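All remarks here apply to the structure that follows.
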Amino acid sequence: MGLFDTVELYDDVHLPEYPEGITPAEDVDWQTKGIDRPTMTTFRITADGRLLEEEWHTEAVPPEDRPYASRDDVDEDDFRYMAGSRNRVHDGWIERDDYHGRFKLKHSFEGLETLVTYQVTFTHGQLEGFERLQ
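First residue of the sequence shown? That's -3 in this note's numbering, and the numbers climb one at a time after it.
Here it is in structure tokens:
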């Protein structure tokens, strides 16, 4: 397992050899570990072939709004006390016009016996194309 990033595809982004009868590609949260060091962030590939990266910050969640912190059987020394203690807040999108390279997109669909994998190629921030690997 481990950390990964999510990649969203805009409508009109075409994946070659996309399997029939499954969720449309633009409705799938694709996973990658290959853009930068994975940090559980979200990237988007736009219809005009740009790569966007989500900007965000975190804010503290008060103990009374956390899932376990207000339970009688959980005190401040319990690791569950900290569960849900930070909330991610979306700040906007930045264009990654500096990205030059390849990365893989992956998703496991119910009903398919294989992981659907694509290699994505960007040249100086512009999408060159997708290649179906599996």
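Here a beta-carbon is modelled for each residue, glycine too, at the ideal position from N, C-alpha and C.
As the structure is a prediction and not an experimental result, all values here were calculated from the model.
Query: Could you work out which residue in R46, Q122 and R92 is closest to D32 when comparing CA atoms only?; Result: R92
Query: Pick out whichever of H103, T117, H86 and T19 has its Cα sitting closest to the Cα of Y95.; Result: T117
Query: Hey, how far is the Cα of F75 from the Cα of A43?; Result: 43 angstroms
Query: How would you call W52, buried or exposed, if buried means at least 16 neighbouring beta carbons within 10 angstroms?; Result: exposed
Query: Taking only runs of the beta strand (DSSP E) that begin and end inside the stretch 29 to 77, which ones reach a length of at least 3 residues, in chain order?; Result: 38 to 41 and 47 to 56
Query: When you compare each of T113, R40 and A56 to E49 by their alpha carbons, which one comes out closest?; Result: R40
Query: Can you list, in chain order, the residues of its chain with a C-beta nearer than 6 angstroms to that of T37? Leave out the 5 residues immediately preceding and following it.; Result: D1 and E50
Query: K100: which of L129, R46, G45 and D68 sits nearest, CA to CA?; Result: L129
Query: Applying the criterion that 16 or more other CB atoms from any shown protein chain within 10 Å of the CB defines a buried residue, is L11 buried or exposed?; Result: buried
Query: Just the C-alpha distance for T19 and D73, rounded to the nearest angstrom, thanks.; Result: 43 angstroms
Query: Looking only at its chain, what residues have a beta carbon closer than 6 angstroms to the beta carbon of Y6, apart from the 5 residues adjacent to it on each side?; Result: T42 and A43
Query: Just the Cα atoms here: how many angstroms apart are A65 and E55?; Result: 17 angstroms
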